[in-house]
Amino acid sequence: MSEADALTIAALVRGGAVCAVEVAEAALARIAAKDPALNSFTAVTRARALADARAVDAALARGEDPGPLAGAPFAVKNLFDVEGLVTIAGSKIDREGSPAMADATIVRRLVAAGAVLVGALNMDEYAYGFTTENTHYGAAHNPHDPARVAGGSSGGSGAAVAGGLVPLALGSDTNGSIRVPASLCGVFGLKPTYGRLSRTGARLFAASLDHVGPLARSVGDLAAAYDAMQGPDPRDPASADRAVEPASPEIEQGAKGLRIAIAGGYFAGTGEAAAAVANVAQALGVTRKIDIPEAARARAAAFVITASEGANLHFADLKARADDFDPMTRDRFLAGALIPANWVTQAQRFRRWYQEQLLALFDDTDILLMPATPCSASLIGQDMVEIDGALVPTRPYLGVYTQPLSFIGLPIVAAPLRRAGELPIGVQIVAAPWRESAALRVARALERDGVTCAEIALGS
Amino acid sequence: MRQSSNLINKFTNSQGGKLTDRPFDAATYVDAAAALIGLPLDPAHRPGVILNIERIAEMAGLVMAFALPEETEPAPVFLA
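Chains as they are written, first to last, in this note's numbering: chain A, 45 to 504; chain B, 525 to 604.
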């Protein structure tokens, strides 16, 4: 059952081959057995999981439809509100808060689709990091090599899915925090268009850049979870007023008919990152390359905006109790509070300019391919990493390819390469705004052809 | 550690600009700006904050070096 994806589990539950309570018990047993080595969970919601699973079984017994994800276990980054749990967002400070009164909107929507929540997952403090080396709760370990990072900031989400503990997890992505752990843990991740999925009940980090989305081991699961979570939410000021546009019915259409190009220049990548994109491009028969202008500047602008918005959000605590922050984030937050407004405003104006340039690229292109990370997983505690013969600081560099894209909210699937005997690494499949289904189609075509594959780490 | 490589240049400095002709004194700026906004800085945190404001300044240098048309408005929220 640890090998089955969420839709397979749901089909078995709906067909009566297995009951949801058995599935939940099995997931809880896997977490108990395997998570001590991974440290991906910060809370396990055993009682709730069994109660929700019983409700699914009861609905089936009454002849009712418990939903497309009936009985499928899932877990959420611990910045999502879960009724009855304190939302800690990877921090020590927020542990003092009261338990959440209700589930976050997208958690509630997954539960309404029949999914069964089994716990909350480790992350970088307040989502400010790419490695989930959390000083308060310990590092999340990569299931493919426990000495290595799981990526971040949704590192617990990546590790829990790659380790076979749950088939589905939720994460958030401000600068790459779904796509980086998806790449390093070798699972699929979807960062939808900015405004597509509600962030109500998710702890913000840098609001103008914050997205939420799923991580999973199959493209079908990614699409099914995404579809279940879609729909406007008036309580999220960034939520787009768009009707649900289901992607699942389209994902088997294949890549044919989509105009695909490789992002060159800044995004060309080196070593294993370049090889990953080359593999995918070859499989898709794509040779056309296009340059994305000013991507380095886009990353810089995202960097400045993130630091400023994040520091503003936590300013009261930075003033009163800076020592209670994780040393991994503290000095960045403090420095972010000191940024002149002139820089932030210019960064936001540059964002408009850059958005216009990229939207123009999509006039004759549907999909852009590029690396998700510049390398596979680094070691826990590794400050510097060698890329193309040069030493660069590990933690910020993991986001070099993701940061310039979330900056303008483009929808992206991170898809892991099948690489026998090697650590996973992912590519980004980037679509025009609101074209999540196109990115998912390409990811599904690659999955069907065996080019991308999210393998469970057997050793974990 | 000193870092210099084509890669670093590619990701940070390729077309960067200096924010000012005068050398940027990050320590003085950090102390003055923290005082202005009422942010007490623990002496133990100060070196890390100075290092980070230098990194941010380097990034901001890239952004500020880019001439934007006057009609380009801020885009805090992405709308296609």
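Even glycine gets a Cβ: it sits at the ideal position worked out from N, Cα and C.
Asked: Residue range of the beta strand (DSSP E) that A:GLY233 falls in?; Found: 232-235
Asked: Compute the Euclidean distance between the alpha carbons of A:ALA305 and A:ALA194, then round it to the nearest angstrom.; Found: 29 Å
Asked: What is the DSSP secondary structure of A:ARG75, reduced to helix, strand or coil?; Found: This sequence places Ile at residue 75 of chain A; Arg is not what is there. It is helical.
Asked: Taking the C-alpha atoms as reference points, what is the distance between A:ALA54 and A:GLU108?; Found: 14 Å
Asked: Can you tell me whether A:ARG365 is buried or exposed? The criterion is at least 16 other CB atoms within 10 Å of its CB, across all chains shown.; Found: exposed
Asked: Here's the rule: buried if 16 or more other CB atoms are within 10 angstroms of the residue's CB, otherwise exposed. What is A:ARG332?; Found: exposed
Asked: At least one CB of chain A closer than 8 Å to the CB of B:PHE548: is that the case?; Found: no
Asked: Could you check the C-alpha separation between A:SER504 and B:ALA558 for me, to the nearest Å?; Found: With a pLDDT of 49 at A:SER504, under the threshold of 50, the modelled position of this residue cannot be trusted, and the question is left open.
Asked: Within this structure, are the beta carbons of A:ILE452 and A:ALA391 separated by less than 8 Å?; Found: no
Asked: Quick check: the Cα distance between A:ALA317 and A:MET372, rounded to an integer number of angstroms?; Found: 26 Å
Asked: Give me the residue from A:GLN326, A:PHE118, A:VAL210 with the minimum Cα distance to A:ALA501.; Found: A:VAL210
Asked: Return yes when the Cβ of A:ARG462 is within less than 8 Å of the Cβ of A:THR496, no when it is not.; Found: yes
Asked: For A:ALA171 versus A:PHE249, is the C-beta distance shorter than 8 Å?; Found: yes
Asked: Considering only residues of the same chain and omitting the five flanking positions on each side of A:THR149, which have a CB-CB separation below 6 Å?; Found: SER242, THR244, GLY245, ASP277
Asked: Beta-carbon of A:THR409 versus every beta-carbon of chain B: anything under 8 Å?; Found: no
Asked: In whole angstroms, what separates the C-alpha of A:ARG92 from that of A:ILE132?; Found: 19 Å
Asked: Taking the beta carbon of A:GLN326 as the centre, do at least 16 other beta carbons fall within 10 Å, making it buried, or is it exposed?; Found: exposed
Asked: Considering only their Cβ atoms, is the gap separating A:PHE85 from A:ALA459 smaller than 8 Å?; Found: no
Asked: Are there three or more Cβ pairs, one per stretch, closer than 8 Å when the region 430-441 of chain A is compared with the region 471-485 of chain A?; Found: no
Asked: Given that B:ALA551 touches chain A, what residues does it touch there, using C-beta distances under 7 Å?; Found: Result: empty, since nearest Cβ-Cβ is about 12 Å, beyond 7 Å.
Asked: Where do the N-terminal and C-terminal ends of the alpha helix (DSSP H) with A:GLY199 fall, by residue?; Found: 199-206
Asked: Tell me, which residues are paired with A:GLU177 by DSSP?; Found: A:ALA183
Asked: When you compare the CB positions of A:LYS363 and B:GLY572, do they come within less than 8 Å of one another, or not?; Found: no
Asked: Taking the beta carbon of A:LYS78 as the centre, do at least 16 other beta carbons fall within 10 Å, making it buried, or is it exposed?; Found: buried
Asked: List the residues of chain A that B:ALA559 touches, going by C-beta distances under 8 Å, in chain order.; Found: Going along chain A, no residue has its Cβ under 8 Å from B:ALA559, so there is no contact; the nearest lies around 10 Å.
Asked: Could you give the residue range of the alpha helix (DSSP H) that holds A:THR52?; Found: 50-58
Asked: When you compare the CB positions of A:LEU442 and A:THR417, do they come within less than 8 Å of one another, or not?; Found: yes
Asked: Using a beta-carbon distance cut-off of less than 9 Å, what residues from the region 581-599 of chain B approach chain E?; Found: No chain E is present in this structure, whose protein chains are A and B.
Asked: With the cut-off set at 8 Å, would you say A:ALA61 and A:HIS185 are in Cβ contact?; Found: no
Asked: Along chain B, in chain order, which residues have C-beta atoms closer than 8 Å to that of A:ASP389?; Found: Checking the sequence shown, residue 389 of chain A turns out to be Thr, not Asp. Per Cβ cutoff of 8 Å: PRO598.
Asked: Determine contact between the region 218-228 of chain A and the region 155-163 of chain A, defined as no fewer than three beta-carbon pairs at a distance below 8 Å.; Found: no
Asked: Under a CB-based cut-off of 8 Å, is A:PHE85 close to chain B?; Found: no
Asked: Give me the Cα-Cα distance between A:GLY141 and A:VAL130, rounded to the nearest whole angstrom.; Found: 6 Å
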